[in-house]
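Taking it in order: structure first as structure tokens, then the write-up.
Protein chains: 2
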Amino acid sequence: MRAEDLPEVRRLPLFRDMLHANFEQLMQGSYAQLFPAGLELIRQGDPADFLHIVLEGAVELHADWGDNRCTMAVVQPVGTFILAACIKDAPYLMSARTLERSRVLLVPASDLRAIFRRDPEFAVSTINELAGAYRAVVRHAKGLKLRNSRERVAAYLLKQSRMAENADSFILGVEKRLIASYLGMTPENLSRTLRGLEGNGVTLRGQQVTITDRAALAAVAPPDRLIDGPDPGGATAGVSLPPPTRVNPAP
Amino acid sequence: MRAEDLPEVRRLPLFRDMLHANFEQLMQGSYAQLFPAGLELIRQGDPADFLHIVLEGAVELHADWGDNRCTMAVVQPVGTFILAACIKDAPYLMSARTLERSRVLLVPASDLRAIFRRDPEFAVSTINELAGAYRAVVRHAKGLKLRNSRERVAAYLLKQSRMAENADSFILGVEKRLIASYLGMTPENLSRTLRGLEGNGVTLRGQQVTITDRAALAAVAPPDRLIDGPDPGGATAGVSLPPPTRVNPAP
DNA sequence: AGACCAGATTGACATTCATCAATCAGGCAC
DNA sequence: GTGCCTGATTGATGAATGTCAATCTGGTCT
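Protein chains in written order, with this note's numbering: chain B, 1 to 251; chain F, 252 to 502.
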């Protein structure tokens, strides 16, 4: 892997506190790889061999059952995914595919398991990472069960707004059909719902989202820290909600 | 706490491998308490002070948003819950209430955090517990997003059947409205769906479930290890699916 | 036994949501 | 620029699910 990536990886909450020697060893067995867009990195059901870390690009985690497919999360740099499967040495519960050309660091699961057994700091980091990931999924499940699709969309927009640098005008970083799948609805339904939300404090033009009346939007779906997160105590990497969005220059 | 409970707690995957001295210390700060049925043990949003372990009875984990409420899990002996919140020292994402008279062991979160920092075995156990809990929620979310209500009900029955001692005839251990909420549907819808499933290999009389044609039921919702679990490598305690059911004597 | 009560069921109805099909719009290759 | 291709949108429709209200049922208490 490129030497210049090391500091960034080292700075991840998961690796930040471990002993240097152990970090070195972990990285020695790892390798970064460049993948084209649309490539299936892992397939659900396969044995978990590598912890994946997205260095560049974006990766979708999705699940399939019969003919149905749904997006569970989008991981962006620098985020890790499928940590739990590696730890349990169990089959992946989700598939992963690149949304764009992406560089991914692959860390052997066996090394991982060996090292947190002898590096207490790393063990604690792993515990925190997993606890954060767990809470992220619980929040996702809560959103699915407690909110209808209109409310989920409104809450999603508000959350993206919070994460954007310019909270009042940002662009959706992902295809709408992916957002729809993430929110547990069809693209058609999302499209109509978005249109229905104009007049509730949002304006849309393509990927462009402008919040004109935050209170009105919040009235559709009162934001709740216990659903929309994040934990007060810092961002949860790993399986997170769809990507932070970039600011966009005024037209 | 009662001395006779100690061995059972000690046998939990979470505590099995830790040093005896540390287990002792952990238990010294803990206390078991008997609660009546229907009592709210914890309320979502409150700070996480104690890891909870159900020794007797049954506890429902549920979430609220506005006027909506949904069941996220039912924990039965001997199972732990809200480990993640304790670890992150963050607010509970779910509320908990006793479904029946229950005895619960309360372990101070601060002790927990202190001890897994110095007991590597306990740290590893915690990691495994969390990884299992994470995967359980992911499976739950997958079920919600990939299956319609009819399929969820069929899969639920099949799963309960697998967990029962007599797989072909068992009783639902929980109120139906609770099951409905867990499955993300209304009690009315569950009732109709259950009726609709007669003729697909199931017979119902009250809480009594009899599977007459497993294949027919499985045809409604093909079981999938990646949704219905469990992990091949052993039962995941903590936040698990609704309770194992007891066998029932033939009428 | 009888009254009572929470939960379950049923029916009628409204709403949400998915599906199918037909455009529409924007980006990219040539 | 033109053609094409994917994703987005829109419309029409039906299926799935929620809601409200009215029983029904099983168990508990007295």
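Where a beta carbon is used, it is the ideal one built from N, C-alpha and C, also for glycine.
Tell me the DSSP secondary structure of residue i in three-state form.
| i | result |
| --- | --- |
| Asn200 of chain B | coil |
| Asp362 of chain F | helix |
| Glu175 of chain B | coil |
| Pro371 of chain F | helix |
| Ala155 of chain B | helix |
| Arg352 of chain F | coil |
| Ala288 of chain F | coil |
| Gln28 of chain B | helix |
| Ala324 of chain F | strand |
| Pro13 of chain B | helix |
| Thr444 of chain F | helix |
| Asp315 of chain F | strand |
| Glu255 of chain F | helix |
| Val498 of chain F | Confidence in Val498 of chain F is poor, its pLDDT being 35 and thus under 50, which makes the residue's placement too unreliable to answer from. |
| Arg43 of chain B | coil |
| Gly394 of chain F | helix |
| Val389 of chain F | helix |
| Gln207 of chain B | coil |
| Gly132 of chain B | helix |
| Glu439 of chain F | helix |
| Ala96 of chain B | strand |
| Val78 of chain B | coil |
| Leu19 of chain B | coil |
| Leu477 of chain F | helix |
| Leu434 of chain F | coil |
Determine the chain F residues that contact residue i at a beta-carbon separation under 7 Å, and present them in chain order.
| i | result |
| --- | --- |
| Thr126 of chain B | Ile378 |
| Ala63 of chain B | Lys393, Leu397 |
| Phe81 of chain B | Going along chain F, no residue has its Cβ under 7 Å from Phe81 of chain B, so there is no contact; the nearest lies around 11 Å. |
| Ala133 of chain B | Tyr385 |
| Asn68 of chain B | Leu397 |
| Ala84 of chain B | Ala382, Tyr385, Arg386 |
Thinking C-alpha only, which one of the options is nearest residue i?
| i | options | result |
| --- | --- | --- |
| Asp168 of chain B | B:Arg214, B:Val104, B:Glu198, B:Tyr182 | B:Arg214 |
| Glu351 of chain F | F:Leu381, F:Tyr343, F:Val425 | F:Val425 |
| Asp315 of chain F | F:Glu449, F:Gly394, F:Gly296, F:Leu306 | F:Gly296 |
| Arg413 of chain F | F:Asp475, F:Ala384, F:Gly450 | F:Asp475 |
| Leu477 of chain F | B:Gly196, B:Gly66, B:Phe50 | B:Gly66 |
| Pro77 of chain B | B:Arg152, B:Ala58, B:Ala84 | B:Ala58 |
| Phe274 of chain F | F:Leu292, F:Glu372, F:Ala335, F:Ala324 | F:Glu372 |
| Arg139 of chain B | B:Glu40, B:Leu183, B:Gly29 | B:Leu183 |
| Val74 of chain B | B:Val54, B:Asn68, B:Lys88, B:Ala84 | B:Val54 |
| Ile448 of chain F | F:Tyr407, F:Glu259, F:Ala335, F:Glu416 | It should be noted that the sequence gives Leu, not Ile, for residue 448 of chain F. With distances taken between Cα atoms, Leu448 of chain F lies closest to F:Tyr407. |
| Arg294 of chain F | F:Glu311, F:Ala288, F:Gln279, F:Ser281 | F:Glu311 |
| Leu130 of chain B | F:Ala288, F:Lys339, F:Val453, F:Leu302 | F:Lys339 |
| Leu83 of chain B | B:His52, B:Lys176, B:Arg135, B:Gly206 | B:His52 |
| Met27 of chain B | B:Val137, B:Ala3, B:His62 | B:Ala3 |
| Gly199 of chain B | B:Met72, B:Ala218, B:Gly206 | B:Ala218 |
| Ala180 of chain B | B:Ala37, B:Arg113, B:Arg11, B:Glu151 | B:Glu151 |
| Leu272 of chain B | B:Arg117, B:Met94, B:Asn128 | In the structure as shown, chain B starts at 1 and stops at 251, and residue 272 of chain B therefore has no counterpart that could be examined. |
Do residue i and residue j have their C-beta atoms closer together than 7 Å?
| i | j | result |
| --- | --- | --- |
| Ala283 of chain F | Arg354 of chain F | yes |
| Leu146 of chain B | Cys321 of chain F | yes |
| Phe35 of chain B | Thr98 of chain B | yes |
| Val404 of chain F | Thr437 of chain F | no |
| Leu270 of chain F | Asp370 of chain F | yes |
| Ala347 of chain F | Leu423 of chain F | no |
| Gly29 of chain B | Pro108 of chain B | yes |
| Leu106 of chain B | Phe170 of chain B | no |
| Gly452 of chain F | Thr461 of chain F | no |
| Leu144 of chain B | Leu290 of chain F | no |
| Leu514 of chain F | Lys427 of chain F | Because chain F in this structure spans residues 252 to 502, residue 514 of chain F falls outside the shown range and cannot be described. |
| Ala374 of chain F | Ala21 of chain B | no |
| Leu265 of chain F | Ser376 of chain F | yes |
| Arg135 of chain B | Leu344 of chain F | yes |
| Ala141 of chain B | Ala299 of chain F | no |
List, in chain order, every chain B residue whose beta-carbon is nearer than 7 Å to that of residue i.
| i | result |
| --- | --- |
| Arg368 of chain F | Pro120, Val124 |
Can you name the residues of chain B whose CB is closer than 8 Å to the CB of residue i?
| i | result |
| --- | --- |
| Pro359 of chain F | Per Cβ cutoff of 8 Å: no residues; Pro359 of chain F is ~17 Å from chain B at best. |
| Ile338 of chain F | Ile127, Asn128, Ala131 |
| Gln295 of chain F | Leu226 |
Name, please, each residue of chain F whose Cβ falls closer than 9 Å to the Cβ of residue i.
| i | result |
| --- | --- |
| Met72 of chain B | Val389, Ala392, Lys393, Lys396 |
Can you list the residues of chain F that residue i reaches, using a CB-CB cut of under 8 Å?
| i | result |
| --- | --- |
| Gln25 of chain B | In chain order: nothing, as chain F lies at least about 17 Å away. |
Please tell me whether, using a cut-off of 6 Å, the distance from the CB of residue i to the nearest non-hydrogen atom of the ligand SAM is below it.
| i | result |
| --- | --- |
| Gly280 of chain F | The ligand SAM is absent from the structure shown, which contains no ligand whatsoever. |
Name the residues in the stretch 418 to 449 of chain F whose C-beta lies less than 7 Å from a C-beta of chain B; which are they?
Gly435
Residues of the stretch 215 to 227 of chain B with Cβ closer than 8 Å to any Cβ of chain F, in chain order:
So the list reads Pro222, Asp224, Arg225, Leu226, Ile227, given in the order they occur along the chain.
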